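S.K.: Okay, here's the structure, questions in a sec.
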Amino acid sequence: MKSILIKQLQGLRQGQSEPAPEWLKNSRQLLLTQVKNTIDKDTEPANRLANFWSWLAIFLPQGLVFNVVRPLAVLVVVALVGTSGWIASVDAAYDALPGDGVAYYLKRGLEKTQVAVISLVGDSDDEAKLHLKFASSRANEVKKMLAGHDKKKARHVAQTVQDLKQEITTVNTKIEKSSSAETIKDVAVDAKEIKNLLQDAKNLLSASTTPDLAQQVKDVKDLAKDTSVKAMETLVNKVVSGDQTVTTEEVKQVLGKALQSAATEAMESQVAAESLKVAVDSVKNGIIGATTTPDNTSSTIQEVKDFAKMVAVASTQTNIVVEQTIQVSSDVTSQVTEAQKAILNGDLATAVGTIKDVAQITKTVEQLTDTVVQQAQSVLPVASVDVNNVIVDSAFAVSSSTAFPSATATSVPQISSTAN
Amino acid sequence: MNSSLEQKRLLYRLQIEHDPEAYATLYDLFVKQIYRFVYFKVASREEAEDITSEVFLKAWHYLQENKEVKSFSGLLYKIARNAIIDLYRSKSARPEALIIDAEFDLASEPDLALGVESKIEHARILGALKKLKQEYQEVLTLRYVDDLGINEIAEIISKNEISVRVTIHRALKRLKEILQP
């Protein structure tokens with residue numbers, strides 16, 4: 007009976023319970039019109055990812071999709087990026103320079119993360135090494151930005167130099183608390199490398215057009231140099247007081263290289279000053295020829311005479327600096343020789359004392375040379391002078407019929423000095 | 099019963115791609131079931147047609163709000179059920195009146211293919227069905243006329259599956275008593 011009853015109920019599908027075809031058709035048409043009117047045609051299509059979640063929410067419970075599946079998917083992606091993807095990202099960011107956008111922010115962000123982690127789990131030695139590594143990175147960035155001649159990136163040089171200064175200052179603070187001679191040795195060596203990088207960067211800058219930046223770079227370079235010297239002094243003190251983490255031979259090597267480097271710097275300063283003298287003398291001789299040429303008008307001769315006075319002043323100052331530099335270089339060379347002997351005798355304290363003195367002397371010489379180069383620029387208007395290689399533009403030898411170009415700072419070409 | 103996957107696909111076209119034709123297809127798939135479901139509970143064809151149209155329109159507005167839809171057919175039945183309750187409340191309709199209307203419909207039945215005996219049998223069953231209480235009518239219609247699964251019925255009437263099975267069993271028993279006094 008039950009099955010008959012069910013069949014009777016199923017039979018109701020046919021017959022009078024069926025809707026009228028006419029009504030079906032009209033109702034469909036009316037509904038479709040209403041639906042089309044309410045669809046917002048201007049609605050922007052959602053992005054593919056949003057569509058994916060909406061699509062999934064149709065097939066799975068919405069709560070499950072948005073509260074479980076989606077957060078899990080995000081976690082998985084983060085984990086993947088955190089484990090495998092980050093290697094590629096960091097590799098890409100490693101060479102990024104300021105102005106490279108996201109890549110550089112990623113690089114600096116990773117550095118900050120490393121600092122945060124090491125401050126929690128590391129000691130002063132670890133922190134010093136990390137900040138030293140970042141300081142090297144900043145110094146490389148400064149050099150690359152200046153060498154690249156990219157104006158967009160060059161805008162970031164000053165900030166990067168400031169960041170570098172901050173890193174070196176932090177290194178100085180950390181090594182004061184450092185107990186490891188090994189770390190201090192690393193600081194001594196790496197700080198010297200940073201100083202060399204900044205020297206290259208300084209050579210790429212024009213003291214006349216970017217005096218503030220050039221001075222800023224020089225200051226940080228001196229700070230790196232002082233850090234290196236200070237580290238060497240601390241290293242020697244530690245070894246003398248019996249620290250066994252580095253051998254005496256290793257310390258001797260570090261000091262020996264520092265002395266060698268000081269001798270080279272002194273020699274370079276001397277060569278630079280002599281090259282500058284050659285360049286200024288060339289101008290001086292050219293002017294003498296110009297003033298004696300009968301074709302020149304009286305006004306031109308007056309201009310030449312005025313300019314000749316400036317050249318004479320520059321020449322005198324250059325000669326003074328050259329003499330001082332030669333004298334100092336000679337002193338430095340003899341001091342370095344004495345210090346090397348002290349190293350051979352195992353007198354590390356004397357050697358490091360000499361390194362400190364020489365560092366101060368070379369800084370003074372560099373300051374002198376920089377001043378003279380700046381003054382020489384005003385009298386070397388068309389010359390391209392590399393004080394190390396003694397390149398003097400032949401056009402610079404003033405011909406009797408050529409009027410002198412205006413000797414203003416804006417019209418002069420850039421002259422760089424590699425003097426230390 | 100239409101495939102659940104097909105329903106999902108059409109919903110995707112509708113909600114994500116904003117394709118009105120998808121809604122037209124959904125209408126074609128479910129309009130007869132919903133009409134029948136309503137027809138068994140109201141007094142006339144006109145009321146059944148009005149409520150069916152209203153159900154599809156309300157379902158459309160519901161979808162426009164991007165609310166979660168587990169089953170489109172379930173949504174339609176729920177809306178239809180509420181619409182019928184609203185109608186009963188507004189008209190304070192009595193079951194007796196429904197039976198009379200059903201008998202009138204028998205005379206105006208357009209489907210001439212059915213024999214007179216079948217028509218009488220349909221009218222008898224329909225009359226007995228409408229004498230059942232609302233809950234019994236619903237479960238029998240959904241289960242045997244619309245051929246829905248127990249789980250779908252449970253969702254529509256907001257009860258668990260065991261309760262639905264028990265209700266169907268009791269409804270059949272009661273229908274049998276009405277048909278065999």
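If you read the protein sequences in the order shown, they are chains A and B. Yeah, the first sequence ends on 426 if you go by our numbering, and it's all consecutive. Yeah, the second sequence ends on 279 if you go by our numbering, and it's all consecutive. We put the CB at the ideal spot given by N, CA and C, even for glycine. Here the structure is a predicted model, which is why all the values come from computation and not from measurement.
#1: Check whether the Cβ of THR44 (chain A) lies closer than 8 Å to any Cβ atom in chain B.
#2: What are the boundary residues of the alpha helix (DSSP H) that LEU277 (chain B) is part of?
#3: Would you kindly check if the distance between the Cβ of LYS224 (chain A) and the Cβ of LYS198 (chain A) is under 8 Å?
#4: Relative to chain B, which residues along the segment 9-29 of chain A have a C-beta separation below 8 Å, given in chain order?
#5: In whole angstroms, give me the CA-to-CA distance for VAL41 (chain A) and GLU253 (chain B).
#6: Can you tell me whether LEU5 (chain A) is buried or exposed, with buried defined as 16 or more other CB within 10 angstroms of its CB?
#7: Cβ closer than 7 Å: which chain A residues qualify as neighbours of LEU238 (chain B)?
#8: Looking at C-beta atoms only, is the number of pairs between the segment 127-134 of chain A and the segment 142-152 of chain A that lie closer than 8 Å three or more?
#9: Does the beta carbon of GLU239 (chain A) fall short of 7 Å from some heavy atom of the ligand MN?
#10: Can you give the beta carbon distance from LEU265 (chain A) to ILE361 (chain A), rounded, assuming they're within the 8 Å contact cut?
#11: At least one CB of chain A closer than 8 Å to the CB of LEU224 (chain B): is that the case?
#12: To the nearest angstrom, report how far apart GLN323 (chain A) and VAL378 (chain A) are at their CA atoms.
#13: Going by C-alpha distance, which of A:LEU136, A:LEU66 and A:ALA26 is nearest ASP196 (chain A)?
#14: Does any C-beta atom of chain B lie closer than 8 Å to the C-beta of VAL74 (chain A)?
#15: In this structure, how does DSSP classify ASP101 (chain A) when only helix, strand and coil are distinguished?
#16: Quick check: is the beta carbon of PHE128 (chain B) nearer than 8 Å to any beta carbon in chain A?
#17: Cutting at 6 Å between CB atoms, please list the residues of its own chain near GLU255 (chain A), excluding the five before and the five after it.
#18: Leaving out five residues before and five after LEU15 (chain A) in sequence, what residues of the same chain have Cβ atoms less than 6 Å from its Cβ?
#19: Between which two residues does the alpha helix (DSSP H) carrying TYR186 (chain B) extend?
#20: What number of angstroms, rounded off, separates the C-alpha of LEU103 (chain B) from the C-alpha of SER169 (chain B)?
#21: Measure how close the beta-carbons of VAL167 (chain A) and VAL226 (chain A) come, nearest whole angstrom, since I'm counting them as under 8 Å.
#22: Output needed for ILE132 (chain B): all residues of its chain with C-beta closer than 6 Å, excluding positions within five of it in sequence on either side, in chain order.
#23: Please classify TYR242 (chain B) as buried or exposed, where buried requires at least 16 neighbouring CB atoms within 10 angstroms.
#24: Name the residues in the segment 162-175 of chain B whose C-beta lies less than 9 Å from a C-beta of chain A; which are they?
#25: When the Cα atoms are used, what is the spatial distance from TYR110 (chain B) to TRP61 (chain A)?
#26: Should HIS162 (chain A) go down as buried or exposed, given a rule of 16 or more other Cβ atoms within 10 Å for buried?
#27: State the Cα-Cα distance for the pair ILE397 (chain A) and ASP228 (chain A), rounded to the nearest angstrom.
#28: Do ALA194 (chain A) and LEU170 (chain A) come within 8 Å of each other at the CB atom, strictly closer than that value?
#29: Roughly how many angstroms separate the alpha carbons of THR251 (chain A) and ALA268 (chain A), rounded to a whole number?
#30: Please check if any C-beta of chain B sits within less than 8 Å of the C-beta of ASP48 (chain A).
#31: Considering only the beta carbon of each residue, do ASN325 (chain A) and LYS283 (chain A) sit closer than 8 Å?
#32: Rank A:THR119, A:LEU210, A:LYS201 and A:SER184 by C-alpha distance to the C-alpha of ASP232 (chain A) and give the top, closest one.
#33: Are the segment 230-239 of chain B and the segment 263-277 of chain B touching, with three or more C-beta to C-beta distances below 8 Å?
#34: What in chain A is Cβ-close to SER188 (chain B), meaning under 9 Å?
#35: Can you look up VAL388 (chain A) in the DSSP assignment and give me helix, strand or coil?
#36: Alpha carbon to alpha carbon, what distance is there between VAL167 (chain B) and SER142 (chain B)?
M.R.: The answer reads as follows:
#1: It does; some Cβ of chain B falls within 8 Å.
#2: Its alpha helix (DSSP H) spans residues 259-277.
#3: No, Cβ-Cβ distance for LYS198 (chain A) and LYS224 (chain A) is not below 8 Å.
#4: Within the segment 9-29 of chain A, the residues whose Cβ lies closer than 8 Å to some Cβ of chain B are LEU11, ILE12, GLN14, LEU15, GLN16, GLY17, LEU18, ARG19, GLN20, GLY21, GLN22, SER23, GLU24, PRO25, ALA26 and TRP29, listed in chain order.
#5: Spanning the two alpha carbons is a distance of roughly 27 Å.
#6: This structure gives no information on residue 5 (chain A), because the portion of chain A shown stretches from 7 to 426.
#7: LEU15, listed in chain order.
#8: They do not touch, by the three-pair rule.
#9: With respect to the ligand MN, the structure shown offers nothing to examine, as it has no ligands at all.
#10: The distance from the Cβ of LEU265 (chain A) to that of ILE361 (chain A) is about 6 Å, consistent with a contact at the 8 Å cut-off.
#11: At least one chain A Cβ lies under 8 Å of LEU224 (chain B).
#12: Pairing GLN323 (chain A) with VAL378 (chain A), the inter-Cα distance amounts to about 7 Å.
#13: Of the candidates A:LEU136, A:LEU66 and A:ALA26, the residue whose Cα lies closest to the Cα of ASP196 (chain A) is A:LEU136.
#14: Taking Cβ atoms only, chain B never reaches closer than 8 Å to VAL74 (chain A), which makes this a no.
#15: Reduced to three states, the DSSP call for ASP101 (chain A) is coil.
#16: So, not an interface residue.
#17: Cβ-Cβ distances below 6 Å link GLU255 (chain A) to nothing in the same chain once the five nearest sequence neighbours on each side are left out.
#18: The answer is none, since no qualifying residue turns up.
#19: It spans 170-189 - the alpha helix (DSSP H) in which TYR186 (chain B) sits, taken as one unbroken run.
#20: Approximately 10 Å between the Cα atoms of the pair.
#21: VAL226 (chain A) and VAL167 (chain A) do touch by the CB rule: their CB atoms are close to 6 Å apart, below 8 Å.
#22: So the qualifying residues of the chain are THR150, VAL153, LEU174 and ALA178.
#23: Buried is the label assigned to TYR242 (chain B), since at least 16 other Cβ atoms lie within 10 Å of its Cβ.
#24: Look at the segment 162-175 of chain B: the residues with a C-beta under 9 Å from a C-beta of chain A are GLN162, ASN164, LYS165, GLU166, VAL167 and LYS168.
#25: If you draw a straight line from the Cα of TYR110 (chain B) to the Cα of TRP61 (chain A), it is about 6 Å long.
#26: Buried, since its Cβ has 16 or more Cβ neighbours within 10 Å.
#27: Its pLDDT being 39, under 50, ILE397 (chain A) is placed unreliably in this model, and the value from its coordinates should be taken loosely. Going by the C-alpha atoms only, they are around 28 Å apart.
#28: No, the pair does not count as a contact, with Cβ atoms beyond the cut-off.
#29: If you draw a straight line from the Cα of THR251 (chain A) to the Cα of ALA268 (chain A), it comes to about 27 Å.
#30: Confidence is the limiting factor: at ASP48 (chain A) the pLDDT is only 48, short of 50, which leaves the residue's position unreliable, though a coordinate-based value still follows. No, ASP48 (chain A) lies away from the interface with chain B (no Cβ there is under 8 Å from its Cβ).
#31: Yes; because the gap between Cβ atoms is below 8 Å, this pair is in contact.
#32: The shortest Cα separation from ASP232 (chain A) among A:THR119, A:LEU210, A:LYS201 and A:SER184 belongs to A:LYS201.
#33: Yes, since at least three Cβ pairs between the segment 230-239 of chain B and the segment 263-277 of chain B fall closer than 8 Å, the two stretches touch.
#34: Neighbours of SER188 (chain B) in chain A, taken as residues whose beta carbon is under 9 Å from its own, are absent, since the nearest beta carbon is some 22 Å off.
#35: With a pLDDT of only 42 at VAL388 (chain A), under 50, the local geometry of the prediction cannot be trusted, and no value is derived from it.
#36: The alpha-carbon atoms of SER142 (chain B) and VAL167 (chain B) are separated by roughly 30 Å.
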